[in-house]
Amino acid sequence: MDMFNVLRDHQQSKDCPGNGLTNVDICMHGAFGPIRFNQTTGSLVSVIPKSKNQLPIHYATCTSLPCLSIFKPIWLDSSSIPPTFISSRDNFLSNASITYSSNNIWWKSEIVNRNIMKYYQKLIQQIQIERNLLENQFIYKSNKLSSRYISEEQRNHFTIFAFDQVDQLINKWFSRAYSLSFEMKSELFFFQELTWEGWRKSAKIPKQLLNYAKDVRYSPYNLISIDSHGHGETTGRGEDFTFWDTASDSLQLLTKLGLNQFYVLGTTQGGCIALRMALLEPQRVKGLILLGTTVYSATEQTKANARKSRDKWCEAKIPSDEAIVARTASFGGPTRVDEKVYEKLKEMWIKRYAGPEGYDPALNCLLNRDAIDDKLGQINVPALVLHGADDRVFPAQDAKEWSSKLPKLWKFEIIERGVHHLSLTEPGDEVAAQLIPQFITETLKSSAGSLLAPKFYRDRLAECFKSSIWRIAPNRNNKHPVPSPTLLTEICVLTATDKNKRENSSKTHLK
């Protein structure tokens, strides 16, 4: 621990280490100035054993800036974790790149560090306490595991565990920095910000990762996105599940988060869940925003077609390019989205839905859904329904028919050139961005107070690397939140109404 602190030395400076024209401290924060254009990229402390029965322990940050990094234990015995080690969160430790990579541990930490630096003096005291506590735990356990009589497998498991514990903690730090971005100005001076902006461009870091709620269209709201059963990080109940199950579990999650009232936005299957949430607990749902969804059960022809697509998808361990392209019909094909977005979607689909075990649970839920068109009269909450004219999954004419049965339909609109995943592509995203805030503003006129979650939960619920939509996978075991990014979320809850502030939120797992 003493050597950790040596590498974190700031020469007792009381200023933000990102400021100033010189960089004479060991921690070495890169910044603006004649000798400040370099910074620490990683730190290593090795403990040489006093006994031949002990192995050396190497504590590495694998990240920049020691004061904002945590030393993790690594052993280099014969079959220890190889350089291409991947943690259980699929963050690559190696395979480093000079440009930004979203699943690389170094770059993920770099984004967190650069955001923390804006509010360093405000955050560092609590960070130091939590950082030192976790490192002490690592040191205590590592000393026991360094015995040559302990299996290498145990040491490897602990290294993975350590990296994942750090991942959770830095997500919490990011959460605090995110909250402060709405409460105070950055501590960094002008030339420091200018220098970092140049570095950001050269490293190809997406601007929104360092500049939060710049999308002012949704900035007044908390957007808490939920991974439904069978999607994202949520694997399901370990049994067959339905949209009713996800609706019920999502409501339990929101209760756990202290949210009594909220708007529910659901796109495609998320709309099926949103409608059922309103049927289960209508007093809590302030309004429904339904995009490209349905209230009908699947036809036999739909089921047959889906089974054929399923067989094509599952015929190989990794789905073929043909099967992946077929799946893009929901948003009009690969050319309708940015190439990087498409590559990210392919990566996510393969990771989550490869093989029957990944594909079948969610498919069965979709195909075996019950019809609720006869229950729409019970949904006595305001509703905005948007549907794409080119939706190839759920016909727009069907949506026009069932939406007319909603007692408080605020607006139904068919969007020309709109596809099934309406808000993913133009022009659906622009129409949604115009109508959703208008819908919320008008339907909230008679409401009093804020819909913000209690601060206790907001401080604990944060996800890294999202500019306007945050994500949750409900956990029936009520474990602590474990943040993780996603794409193409299908259901989210809008909970904030204060125009001057948007708080953060996160996810927990529903298993």
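Quick note on numbering: the sequence shown equals residues 1 to 511 in the UniProt record's numbering. Cβ coordinates follow ideal geometry from the N, Cα and C atoms, glycine included. On a predicted model such as this, the values are computed, not experimentally measured, just so you know.
In whole angstroms, what is the alpha-carbon distance linking residue i and residue j?
i: S423; j: V341; result: 14 angstroms
i: H231; j: A371; result: 22 angstroms
i: S46; j: V6; result: 14 angstroms
i: S179; j: Y359; result: 37 angstroms
i: R8; j: S225; result: 37 angstroms
i: S320; j: W313; result: 7 angstroms
i: L367; j: R310; result: 12 angstroms
i: K411; j: K207; result: 34 angstroms
i: P437; j: P427; result: 17 angstroms
i: A396; j: G271; result: 14 angstroms
i: A177; j: L363; result: 39 angstroms
i: K144; j: P56; result: 12 angstroms
i: K445; j: K408; result: 15 angstroms
i: H387; j: D227; result: 22 angstroms
i: Y120; j: E315; result: 52 angstroms
i: R327; j: V393; result: 11 angstroms
i: K201; j: V285; result: 42 angstroms
i: H157; j: S175; result: 27 angstroms
i: H58; j: I105; result: 18 angstroms
i: A383; j: C492; result: 15 angstroms
Compute the distance between the beta-carbons of residue i and residue j, then report whether it is under 8 angstroms.
i: I124; j: A278; result: no
i: L188; j: I127; result: no
i: V63; j: S97; result: A small correction: the amino acid at residue 63 is Thr; Val does not occupy that position in the sequence shown. For T63 and S97, no; Cβs fall outside 8 angstroms.
i: T40; j: L65; result: yes
i: residue 542; j: G287; result: What the structure shows of the chain is the stretch from 1 to 511, and residue 542 is not part of that stretch, so it cannot be assessed.
i: H420; j: T268; result: yes
i: P73; j: S142; result: yes
i: D373; j: K400; result: no
i: D390; j: G418; result: yes
i: Q11; j: D2; result: no
i: A354; j: K303; result: no
i: S186; j: E197; result: no
i: I273; j: T246; result: yes
i: I70; j: L133; result: no
DSSP state of residue i, grouped into three classes?
i: W470; result: With a pLDDT of 32 at W470, under the threshold of 50, the modelled position of that residue is not reliable, and no figure is offered here.
i: G377; result: helix
i: P437; result: helix
i: Q39; result: coil
i: Q54; result: strand
i: A162; result: helix
i: H177; result: Just to set this straight, residue 177 is Ala in the shown sequence, not His. Helix.
i: S101; result: coil
i: M184; result: coil
i: F191; result: helix
i: D370; result: coil
i: L7; result: helix
Who pairs with residue i in a beta bridge, going by DSSP?
i: G388; result: I415
i: V45; result: Y59
i: C492; result: S225, L265
i: K72; result: A60
i: A383; result: L288, L409
Is any heavy atom of the ligand ATP found at a distance shorter than 7 angstroms from the C-beta of residue i?
i: T61; result: Looking for the ligand ATP in the displayed structure turns up nothing, as the structure carries no ligands at all.
With 8 angstroms as the threshold, decide whether the Cβ of residue i is near any Cβ in chain D.
i: H10; result: Of the protein chains in the structure, only one exists, and it is not chain D.
List in chain order: all unbroken alpha helix (DSSP H) runs of 4+ residues lying wholly within the segment 390-425.
Entirely contained in the segment 390-425, the alpha helix (DSSP H) runs reaching 4 residues are, in chain order, 396-403.
So within the segment 315-355, which uninterrupted alpha helix (DSSP H) runs reach at least 4 residues, ignoring any that extend past its ends?
Runs found: 321-327, 339-353.
Go through the segment 245-310 residue by residue and report every complete run of the beta strand (DSSP E) that reaches 3 residues or more, in order.
Contiguous beta strand (DSSP E) elements confined to the segment 245-310 occur at 262-267, 285-291, taking only those with 3 or more residues.
At which residue ranges does the segment 112-168 contain complete alpha helix (DSSP H) runs of 4 or more residues, listed in the order of the chain?
Counting only runs of 4 or more, we get 120-145.
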